[in-house]
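K.L.:
Under numbering that gives the first Met the number 0, think of the first position of the sequence shown as 0, with each following residue one higher.
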Amino acid sequence: MAEFVGALDQGTTSTRFMVFDHGGGEVARHQLEHEQILPRAG
């Protein structure tokens, strides 16, 4: 059975998840953009 390592990157405008093999090679990647909710001035 193959073993992998997952990494999650939570950024300002998107969230990214990557899967790596034990040699450090990228196996898969997925990215979702998300809306920023900013408070109004006041």
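Just so you know, even glycine gets a beta-carbon here, dropped at the ideal spot from N, CA and C.
Which partner residues does Glu2 have in the DSSP bridge list?
P.N.:
Note: Glu2 sits in no beta bridge, so no partner.
K.L.:
Report the option in Thr11, Glu25, Phe19 whose CA atom is closest to the CA atom of His33.
P.N.:
It is Thr11.
K.L.:
By the DSSP assignment, the beta strand (DSSP E) with His29 in it spans what residues?
P.N.:
Here the beta strand (DSSP E) through His29 covers 25-32.
K.L.:
Could you tell me the alpha carbon to alpha carbon distance between Thr14 and Ile36, rounded to whole angstroms?
P.N.:
If I take the Cα positions, the gap works out to 15 Å.
K.L.:
Go to Arg15, then tell me how far its beta strand (DSSP E) extends in each direction, as first and last residue.
P.N.:
Looking at the DSSP string, the run of the beta strand (DSSP E) that includes Arg15 is 13-20.
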